[in-house]
Every structure is written in structure tokens, then in C-alpha cells.
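Scroll down for the structure; my scribbles are underneath it.
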Ligand SMILES: [Zn+2]
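Residue numbers (our numbering): 453 to 743.
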């Protein structure tokens with residue numbers, strides 16, 4: 453009897469008992485105990501049991517520190533769980549350009565620097581070494597980070613083999629150039645429209661030298677480019693050369709930008725393949741794997 457009473461007291465101290473008592477099912481309790489340490493379990497016990505918490509915890513890209521933000525956004529927006537996680541991880545539960553941080557440029561692999569509406573490049577940031585793109589591949593006076601020029605050329609020639617004609621319309625842009633472009637769009641299109649397709653100075657990937665706007669003659673940077681064989685080829689093959697379609701369709705709530713079938717960002721072959729295969733954005737990849 454004494455031993456049983458002692459055991460009962462000990463059992464009440466376990467997380468299994470506490471979680472069950474708190475309202476979690478046996479299955480969920482097992483799952484929570486398996487995946488989270490005491491510190492995190494204590495945190496969960498401070499909150500009301502909520503079946504959404506367990507669903508969130510099971511998402512591939514769940515980040516524990518974001519838990520309260522996921523729940524808050526879920527209350528606000530009628531969206532799929534996958535999207536709730538993606539949005540919070542990409543910070544888009546916040547207003548664009550709020551809480552702007554300096555882009556983390558001292559990263560070992562410069563191809564993975566994140567620049568978006570929450571991460572800004574310093575005004576003087578520019579590629580280590582720039583190289584002019586041959587007029588064979590681009591309109592006049594386009595410049596690229598020299599370290600990715602070979603990869604780009606390989607991609608161009610692979611497309612050429614299929615009788616497709618790629619042409620670079622825009623490549624590296626300095627802080628100053630971006631500022632001028634953005635200001636001229638503000639003047640012609642107004643702020644609300646402009647912010648959906650044009651980055652503020654310091655917030656453009658083009659300043660990295662790793663972003664290329666690629667089209668085919670006759671299309672320019674228009675949504676119609678999506679209908680071309682060149683686009684279809686890029687969509688399925690760019691990752692083999694380290695490039696990703698950076699602003700996919702219907703992802704404005706994550707990337708902050710309207711669909712841009714022409715904008716490709718170099719991230720290296722391994723990361724590009726992962727992003728392609730898992731259909732996630734670079735913003736999400738960064739939050740989950742790099743931040
Ligand atoms: Zn672009």
C-alpha cells in the first residue's frame with residue numbers, strides 16, 4: 453500500500469500525467485513527450501490545451517519560438533495550417549517593412565543571404581567581383597556577380613540546346629539605381645501598387661548580383677512570359693543550375709511580391725533543388741534552416 457501511494461505521487465509529477473490532466477489525448481501526450489524537452493513541455497502546460505498546437509507541432513517547418521504567432525495568425529486568417537506556418541516563418545504576420553533588420557551578410561555562404569521586406573542590405577553592399585554579361589545572353593550593359601556567371605551560361609546553353617532563347621533583361625542593380633527605379637514607379641503607379649512589385653532601396657535581391665530577370669525576346673517582364681516555352685523550361689530546370697523562381701504564383705502573402713515568372717535567384721544547386729522539390733519559398737527555407 454505504501455509503495456502504491458508513493459508511486460501515485462511520483463506519477464503525478466510526470467509529464468505524461470500532467471499533459472493528460474491538462475486535456476491532451478493519450479496519442480498527443482506521447483507525441484509531445486517524444487519531441488519536446490521539459491522546458492518546452494512546461495511552456496505548453498502554461499497554455500490552454502489546444503488541438504491546433506499539436507497540428508502545428510507536426511508541420512515540417514514548425515519553429516517552437518513562433519508558436520504564439522502561429523496561433524494568433526490562425527485566429528485572424530482563414531488559411532491552411534501550412535500557410536499559417538509559412539507566413540509566420542517569413543514574418544508576414546507583421547506589416548511589410550516593419551521591424552526591419554540588417555540582412556545577415558556575414559554568412560559563410562553568400563549565395564544564401566536573405567533580402568526581403570524585413571531584411572535590408574547596407575547601402576554600400578555590392579558583389580565581390582562583378583562581370584559584364586555578354587550581349588549574347590543579355591541586353592546591353594548588364595552586370596552579374598562574377599562567381600555565378602558560369603552557372604548562368606551553362607543554363608543558357610542548355611536552354612539553347614532545346615531551341616529556346618533566354619535573355620537577361622535586368623541583373624545587378626546598385627542601391628542608388630534601385631532607389632531611382634522605385635521612386636519612378638511611385639510617381640507613375642502610386643505607393644500601394646508599387647510596393648507589390650518593386651523593392652525599396654536596400655531591399656532588392658538585384659543588389660546582391662545573384663538575381664536575374666530573364667525573359668525571351670518580345671515578352672519583356674510581363675505575366676505573358678509565363679505562357680512561353682522558355683518559362684516552362686526555366687521552371688522545371690533552373691534549379692539544376694542553382695537558380696530558383698523567387699516569387700512564385702500565389703505567394704505574395706509569403707514573399708511580399710506579386711508573381712514574377714521572370715525573376716530567378718541563385719542560391720546554389722543543393723538549396724535550389726530542395727526548394728524546387730518541396731515547393732517552398734526562399735524566405736521559408738531561410739527561417740527554418742538558416743536563421
Ligand atoms: Zn527581378
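We put the beta carbon where it would ideally sit given N, CA and C, even for glycine.
- Annotation: the continuous beta strand (DSSP E) that includes residue 695 extends over 695 to 697.
- The beta carbon of residue 663 sits closer than 7 Å to at least one heavy atom of ligand 1.
- Taken through DSSP and simplified to helix, strand or coil, residue 620 comes out as strand.
- Around the beta carbon of residue 481, a 10 Å sphere encloses 16 or more other beta carbons of the protein chains shown; the residue is thus reported as buried.
- For the 8 Å CB-CB criterion, residue 727 and residue 696 form a contact.
- A direct Cα-to-Cα measurement between residue 733 and residue 699 gives close to 8 Å.
- Under the three-state reduction of DSSP output, residue 666 falls in the strand class.
- The DSSP-derived three-state label of residue 506 is helix.
- Here residue 555 carries a coil assignment [DSSP, helix/strand/coil].
- Within the region 557 to 589, the complete beta strand (DSSP E) runs of at least 3 residues fall at 582 to 584.
- With a cut-off of 7 Å, the C-beta of residue 622 is classified as near ligand 1, since at least one heavy atom of the ligand falls inside that distance.
- In this structure, residue 478 places its C-beta atom within 8 Å of the C-beta atom of residue 472.
- In the DSSP assignment, residue 534 falls within the unbroken alpha helix (DSSP H) covering 533 to 541.
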